[in-house]
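These notes concern the structure reproduced below.
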Amino acid sequence: MGDQGAWQRHQSLVTDVTAPTPPGEPPSIEQHARALRPLVPTFAADVAERIQTDIPAYAGQSDGRRRDIISHAVEQACHRFLDTLDGLPHRDRGVDELFQAMGRAEASDSGDLAAMHAALRLAATATWDRMRRANVEPPLSDQARGQLADGIFGYIEHLIEQAEKGFAAGRRAIRNDRGQARARLADQLLTGRRRNQLDTVDPEVWTPPEWVVVVVSEPDDERIIDVASLALTHLVVRHDQRVVVIADADLASEVTDVFAAAGKPVAVSWPVGPSVIPSAYRWARRALDLVRRGVIPAQPLVQCREHRTQIWLHAEPALRQRMCQDMLKPLLAETPNSREILSQTLLVWLETRDSAPAIAAHLGVHAQTVRYRWKRINELFGDDLHDPEFIVQITMLLKASVPLWQAGDQSDFERFRDEESA
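Following the working numbering, the numbering of the sequence shown begins with 3 at its first residue and continues without gaps.
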């Protein structure tokens, strides 16, 4: 595979340094290659670390999958290079195909090969540096060392050619299947994998508008939504049986009309810049979840803009639950009826700071009833009601929790009973 260009130059250099070694001269390149072979895994690990440190596009955890992939590619390339030097028969390691596949992946993920070019040239420099400093005895002659260096850099050029070959094939495949390319792009945008590389998006696939909305449906198990027609104009993908559409904010009504005609409820984010698409997707999904939980009223079209406070307050469910147990414990210990009326009264006071008559008018009860309730609230929380930080926190807690309780969610009370009896 790919026996042209840089590969031919590399092979000619290898021929020069693998000639028989006259008696009394430094060791042959074959012997040196065999001595280097056991060091390859260490070389590969070090080079992979350098790449992830110096090339931002490939940054990641030292024990993550990306590090494993980079190490594997470097290790196989090193072994393939040494295969050409040691004079022994070897199986085809599939290195050309591996780098072609990596090039195809870059065509889908990043849109260019700049990062891979930088990584391969860094790999060449780092590998040669490690081989040059390897304590292999006896050492090569200066001439052989120079030719070996030329061979390494020639082989890297060959690998770059393979990556470019795969990249070109990947770009052709994308152009030949625009629909799949748009779906892949939608997935990358929603998951944040394409957050800051929008300038590399092929205009034939999508031209990012200044403002977009993310439209998320309830599960479409019967697939009644005509995704194909939506995908002609917008970015569309299915996630967990939901239809998700990334649309120009000016065309949002076109999308929501399609769902309305199919009788499928949706949530629509407020307009955001394309780089904020992952957050908009999260907000719309959370809005639908809050509809199911009774916090947001059920309706065919949920405009996230109208429910931003609840979307924000429910961003960390586990944190809300923990703070509820820690800060509202006196209220949770009340009887269900007492808990309901006291929480409603306290929340109205926190939101309005009105007098007893005004709060009574809001709740539809007598002012004296509010005064009785307030007396009990003071007994439960005491001096904490004069702590500004406490007031801010329980205001947010009650704004998030009371709608859940009113919708029938008993999880806070069940957790309280479990913790009290533990």
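In this text, a Cβ means the ideal position worked out from N, Cα and C, and glycines have one as well. Predicted, not measured: the structure shown is a model, and the values here were computed from it.
Buried versus exposed call for residue i [16 or more other C-beta atoms within 10 Å across all chains shown]
i: residue 25; result: Residue confidence for residue 25 is low, a pLDDT of 48 falling below 50, so the modelled location carries little weight; the figure read from the coordinates is stated next. The residue is exposed, with fewer than 16 neighbouring Cβ atoms inside 10 Å.
i: residue 30; result: buried
i: residue 61; result: exposed
i: residue 347; result: buried
i: residue 132; result: buried
i: residue 424; result: exposed
i: residue 409; result: exposed
i: residue 164; result: buried
i: residue 357; result: exposed
i: residue 345; result: buried
i: residue 275; result: exposed
i: residue 98; result: buried
i: residue 108; result: buried
i: residue 102; result: buried
i: residue 188; result: buried
i: residue 368; result: exposed
i: residue 190; result: buried
i: residue 186; result: buried
i: residue 300; result: exposed
i: residue 66; result: exposed
i: residue 86; result: buried
i: residue 63; result: exposed
i: residue 196; result: buried
i: residue 309; result: buried
i: residue 255; result: exposed
Opposing strand residues paired with residue i [DSSP bridges]
i: residue 216; result: 248
i: residue 237; result: 248
Closest by C-alpha distance to residue i, when choosing among the options
i: residue 168; options: 106, 192, 244 and 381; result: 106
i: residue 37; options: 89, 51 and 66; result: 89
i: residue 291; options: 304, 354, 280 and 279; result: 304
i: residue 293; options: 405, 364, 414 and 44; result: 405
i: residue 311; options: 323, 298 and 302; result: 298
i: residue 130; options: 69, 41 and 234; result: 41
i: residue 34; options: 135, 95, 100 and 331; result: 135
i: residue 173; options: 301, 70 and 202; result: 202
i: residue 120; options: 254, 58 and 390; result: 58
i: residue 281; options: 323, 217 and 253; result: 217
i: residue 338; options: 149, 295, 212 and 414; result: 414
i: residue 322; options: 309, 395 and 222; result: 395
i: residue 295; options: 154, 411 and 77; result: 411
i: residue 327; options: 419, 215, 190 and 87; result: 419
i: residue 49; options: 39, 77 and 67; result: 77
i: residue 302; options: 325, 258, 309 and 212; result: 258
i: residue 153; options: 83, 111 and 194; result: 83
i: residue 351; options: 340, 162, 306 and 387; result: 387
i: residue 211; options: 110, 253, 92 and 114; result: 253
i: residue 340; options: 354, 209, 382 and 421; result: 382
Within-8 Å CB hit, residue i to chain C
i: residue 265; result: The question asks about chain C, but that chain is absent: this structure has only one protein chain.
Just checking, does the stretch 279-294 make contact with the stretch 250-270 on the three C-beta pairs under 8 Å criterion?
yes
Inspect the CB distances between the stretch 237-249 and the stretch 157-167 and report whether three or more fall short of 8 Å.
The stretch 237-249 vs the stretch 157-167: no contact.
Please list the segments of the beta strand (DSSP E) lying wholly inside the stretch 241-315, counting only runs of 3 or more residues, in order along the chain.
DSSP runs (the beta strand (DSSP E)) wholly in the stretch 241-315: 244-250, 268-270 and 303-305.
Should the stretch 400-408 be regarded as contacting the stretch 378-387, the criterion being three or more beta carbon pairs within less than 8 Å?
These segments do not touch.
Three or more C-beta pairs under 8 Å: does that hold for the stretch 227-240 against the stretch 252-267?
yes
So, does the stretch 313-322 touch the stretch 355-370, judging by three or more C-beta pairs under 8 Å?
Contact fails: fewer than three Cβ-Cβ distances are below 8 Å.
Please determine if the stretch 49-63 and the stretch 110-125 are in contact, where contact requires at least 3 C-beta pairs separated by less than 8 Å.
yes
The stretch 230-240 touching the stretch 179-197, judged by at least three CB pairs closer than 8 Å
yes
List, from N- to C-terminal side, the alpha helix (DSSP H) runs of 4 residues or more that fit wholly inside the stretch 76-114.
97-111
For the stretch 150-177, list the alpha helix (DSSP H) runs that are entirely contained and at least 4 residues long, ordered along the chain.
Scanning the stretch 150-177 for uninterrupted alpha helix (DSSP H) segments of 4 residues or longer gives nothing; none is fully contained.
Starting from the N-terminal side, write out each stretch of the alpha helix (DSSP H) that is 4 residues or longer and does not extend beyond the stretch 375-409.
390-408
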